[in-house]
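Asks: When you line the sequence shown up against the working numbering, it's residues 1 to 704, in that order.
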Amino acid sequence: PGSELKVTGVDFLKSQNTRLHHTDAYNIKNLVVRRGQAFQIQLSLSRELKASDKLALRFGIGEKPMKPRGTLMSLNPRREPDFSGWQISIIKSSGNECLLSVTSSPSAAVGIYNLNVKTGTNIYKPENGDVYLLFNPWCEDDVVFLDNEAQRKEYVLNDTGYIYVGSAYSIYGRPWNFGQFEEFVLDACMYLLDKSSLRLSSRRDPVLVSRAMSALVNANDDSGVLLGNWSGNYDKGTSPLDWMGSVSILQQYYKTKKPVSYGQCWVFAGVLTTVMRCLGIPSRCVSNFNSAHDTDENLRVDIYLNEFGEKLNRMSLDSVWNFHVWNDVWMKRTDLPSGFDGWQAIDSTPQEQSQGVFQCGPCPLKAVRDGDVYLPYDSKFVFAEVNADKVYWVVKKVRGKDKYIKISTETQGIGVNISTKAVGQDKREDITAQYKFPEGSEEERKAMQKASSFIHPSGMGIRARFASTMSMDDMDSKPGVLHETVSKTGLQLEINNTDTLYPGNPLELAITVKTSAPGNWTINLAGSCQLQSYTGKIEASLGYIKETIKLEGKSETKVPLKIAADSYMKTLASVEDEVLIHITAIAEVQETNDKLTKEITMRFEYPPITVQMPEMARLNEEFACAFIFKNKLNVPLDNCKLLVEGLGIFKMATFDQGDIKPGRIIKSEVICTPTRVGEKKIVAKLTSAQVKAISVEKAITIIE
C-alpha cells in the first residue's frame, strides 16, 4: 500500500516517564522531564512504519523555533544524531505502534518545548504537546549534578521545610511550605523565565538562571513576584508574618501578573527556594544570625548608643539584622577558575543593586570563606554580611554638641550560627564552617587579609583600619587587642532572663558584671532594654539602669533590670512586626578606663498550638484535623486568625477567632481529603494584634 504515513496519536507515557525523572509530583497535565535523561513516547500511525518513511520529532522552544539558533530540534531516528546533543532511537515498531526513546542534551535550555511530529509533508500536533524540560541533578553531565540521593531528596524534592529565624541566642525554625509541585507553580516559574531578559541560549546555564531569578522574586526593577515592606504597616496587603509558604504567593502572582504584597527576607528566600527546586536546581534556605548590612563595603558596622546604653536609630545606613535569610544553590561554576563548584549564595531580598538591578549572586561559598571577594557575583557583599566588625560609639553632649566616643570593637559577633534545615530530618544544621574558617584561626586571618586587600585599596590591616579615620583623642590606644574580655581587670558582662519571657508578664532580666584581676575596681554600669524588629530598628525604649558597682579581685555581681508589662504591651499591639527584646550593657572601669559593651537579643515565648489528627490516612478518604489553642498568657489576644495549610491534603484556609481572653480555649476543625501519597505535613499559624506568629507543624502518612 503506497498510502502516505500519518500520525494518529501520541502517548507521552506520563506515569512511567515522570517516575523515572522524579517529576511525578508536579500537578500539571503535561509531561515534565529532566534534561540529559531518556524518556519514551509512543506514536500511533496510520500504517506500519517502513524503512523508506520520513519521520521526525520536532521539539521547539520560544516564539519562533529555528534550527540554526538551536531552538528547534528536529530528531530523525533514521539519521545520524544532529549537532544539538539530543538523541532519538526506535525501541520497537510493531503494527501501527512505534515506541521511541528521546534524550535531550544535558546542557539543553530549560523551559517549555512544543512537540510536533512530521511524516513526509504531514505535521501532527498532539494535544498537551508542550513538554516541560528541567535541570537534572540526577544526571552526571548536568552542571547541577548532585551526587547524593538523600541531598537530592531534600534540596530538590522536599516541598516542606523550616526557615530559621529569631536571634543568635534563641533560634527557632519557622515551618515553610515550598510547594514546588502545586498547581500553577511550575507555570509561574516558566512565566518568570520568559519575563527575565535571558536569551534562550542563556537558559541552559544555572548561573545565569539563578541570578535572573534572584532579581525576579523581588518586585523592585521588573514587577517581579514580591513587594518588600519593612515599614510595620501592612494594611494594603498580607503581613509578611502571615504567609505559611510560597504557594499562595506564586499562584496569586501567576494569576494577576502583578507583584504580591508583602515580603521580608524569609519570604523572599522561601519563594526563591521554591522557584529553584521547581526548575530542578538544588537549593536551601540559609539564615545568617547577626547579619551585617554594610552599605559602604568597608567591613564595619557602627552602632551608636546613648549614655544609658540605648541604641539610637542613627542616620547610619549600615545596620545589623538579628537574622537575614538568603539561599544557596548547587552547581558547577564553569565560568570561574577551578575550585569554586558546589554551593553558591543567591539573595532575592532587595538590599543593594548589583549591575544596576536588585539581584545578588550566585557567589561561591568557597570564595567567601577564602576571601576571594573579586569573584562574581557580589562576593564582597556576601563576605561583609558574615564578616564585618561591630564598632560601638557612645554619643555624649559636650557643650551642646554631640561628641562620639568609641568604646569598643567586636570582631566575632557578626555572621554566627549560619543555619539551614538538616538533610532528611527536622533539625537545624549549622553550616557556618562552609562560610568562614573558625574565628581566630590562621586561615581566617589570611582570608580576612586577602579580602581586605580587595575591599580597601589601601591594603590597611583590617583590624586597624579605623585608625586613619579617627581623631587621636577619640581612639583606643590598642584597637587590635579589644576582645570580649578586657585585659587589665578581666571585666566580663553577661545578660540573661531570670524568668520566662511571656507577653503580658514583667520582663525579668539581669546583667552580671564580673572581674577577675586582683585589685579594687569601681565600675560604671549602664544597661537598657528596648524592643526592636529583626532588622535592628528600635521600636521602643522600655527602661534602663545606671549604677556604680564596686568589685574586688575575682568576684561578680548581678544587677536586675525589670520591665513592667504595661510599658511594652502597647508597642506589641501597635507594631505589625514580630518584635524582639534587645538588651545592651556598657561597663566602664574608673581606675583603668577599660570599656566593654555587650548586647543580646531575646524573643518572647508563646503558648503552643496543638494539632489532633490520625497518624495515617488513606488516599481520597476524608479525615478530621483539629487545631487547639489555649491562651495561657494573662493578657487577651485581640483579632486572632488561625491559618492552616496542608500540601496534597487541603488548600490554605483562614479562621477568624476574634479576641481570645486569658484562659480561653479555641478549637477549629478541617475535614481533609488527601490527594497524594507519602509523608505530608500540616502547618498551622496563629496571629493576633499582640502575638504575631505562633506556628506548629505535624506530619501524617498517606497510604493507598
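No residue lacks a Cβ here, since even glycine has one placed at the ideal position from N, Cα and C.
#1: Is the distance from the Cβ of F340 to the Cβ of A451 below 9 angstroms?
#2: Of the choices G60, G120, Q37, whose alpha-carbon is the least far from that of S52?
#3: What did DSSP end up calling Q590 once you bin it into helix, strand or coil?
#4: Between the Cα of T108 and those of E622, M73, L5, spot the shortest distance and give me the residue it belongs to.
#5: Closest to A705 by C-alpha separation, out of F323, Q351, T334, V368, would be which residue?
#6: List the DSSP bridge partners of A787.
#7: Can you tell me whether M613 is helix, strand or coil according to DSSP?
#8: How far does the beta strand (DSSP E) with I175 in it reach, from first residue to last?
#9: Using a 10 Å radius around the Cβ and a threshold of 16 neighbouring Cβ atoms, would you call Q355 buried or exposed?
#10: Check whether the Cβ atoms of S348 and L216 lie closer than 9 angstroms to each other.
#11: For T485, which residues from the same chain have a beta carbon less than 6 angstroms from its beta carbon, with the 5 sequence-adjacent residues on both sides left out?
#12: Got a sec? Which residues, its chain only, sit under 7 angstroms from K396 by beta carbon, not counting five neighbours each side?
#13: Could you spell out where the alpha helix (DSSP H) holding N387 opens and where it closes?
#14: Are at least three pairs of beta-carbons, each pair with one atom in the segment 125-144 and one in the segment 251-270, less than 8 angstroms apart?
#15: Contact between the segment 278-287 and the segment 498-513: three or more CB pairs below 8 angstroms?
#16: Kindly identify the DSSP beta-bridge partner or partners of E679.
#17: If you pair each beta-carbon of the segment 82-92 with each one of the segment 12-30, do three or more pairs fall below 8 angstroms?
#18: Counting pairs of Cβ atoms below 8 angstroms between the segment 92-101 and the segment 173-183, do you hit three or more?
#19: Under 9 angstroms between the Cβ atoms of N220 and V357?
#20: Going by DSSP in three states, V185 sits in which element: helix, strand or coil?
#21: At which residues does the beta strand (DSSP E) containing Q251 begin and terminate?
#22: What is the C-beta distance between V708 and R204, in whole angstroms, given that I count them as a contact (C-beta under 8 angstroms)?
#23: At which residues does the alpha helix (DSSP H) containing R152 begin and terminate?
#24: DSSP on T273, reduced to helix/strand/coil?
#25: Residues in its own chain within less than 7 angstroms of L226 by CB, not counting five upstream and five downstream?
#26: Is the Cβ-Cβ distance between R603 and G232 less than 9 angstroms?
#27: When the Cβ atoms of the segment 429-440 are set against those of the segment 361-378, are three or more pairs found closer than 8 angstroms?
#28: Determine the extent of the alpha helix (DSSP H) in which E669 is found, giving its start and end residues.
#29: Have a look at K698 and F623 and give me their C-alpha separation to the nearest angstrom.
#30: Note the first and the last residue of the continuous beta strand (DSSP E) segment covering L134.
#31: Can you give me the C-alpha to C-alpha distance between Q42 and S104, rounded to a whole angstrom?
#32: How far does the alpha helix (DSSP H) with Y435 in it extend, from its first residue to its last?
#33: D577: buried (16+ other C-beta within 10 angstroms of its C-beta) or exposed?
#34: Quick one: what's got a C-beta closer than 7 angstroms to Q412's C-beta in the same chain, skipping five residues either side?
#35: Where does V373 sit, in a helix, a strand or coil, going by DSSP?
Replies: For this structure:
#1: no
#2: G120
#3: coil
#4: First, the amino acid is wrong: residue 108 is Ala here, not Thr. Of E622, M73, L5, the residue nearest in Cα terms is M73.
#5: Not covered by the structure: residue 705. The range shown for the chain is 1 to 704.
#6: Beyond the ends of the chain as shown, which are 1 and 704, falls residue 787; an answer cannot be given.
#7: coil
#8: Reading the sequence as shown, one finds Pro at residue 175 and not Ile. First-last of the beta strand (DSSP E) with P175: 170-177.
#9: exposed
#10: yes
#11: Summary for T485: the model assigns pLDDT 46, below 50, so the residue's position carries little reliability; its value from the coordinates is reported in the next sentence. Same-chain partners within the cutoff: Q492.
#12: E307, K403, I405
#13: 379-387
#14: no
#15: no
#16: T701
#17: no
#18: no
#19: yes
#20: helix
#21: Counting along the chain, Q251 falls outside any beta strand (DSSP E), though it belongs to the alpha helix (DSSP H) covering 247-256.
#22: In the structure as shown, the chain starts at 1 and stops at 704, and residue 708 therefore has no counterpart that could be examined.
#23: 149-152
#24: helix
#25: V217, N218, A219, I249, P259, V260, G263, V267, F268, V271
#26: no
#27: yes
#28: Careful: E669 lies outside any alpha helix (DSSP H), inside the beta strand (DSSP E) at 665-672.
#29: 15 angstroms
#30: 130-134
#31: 17 angstroms
#32: 432-435
#33: buried
#34: E439
#35: coil
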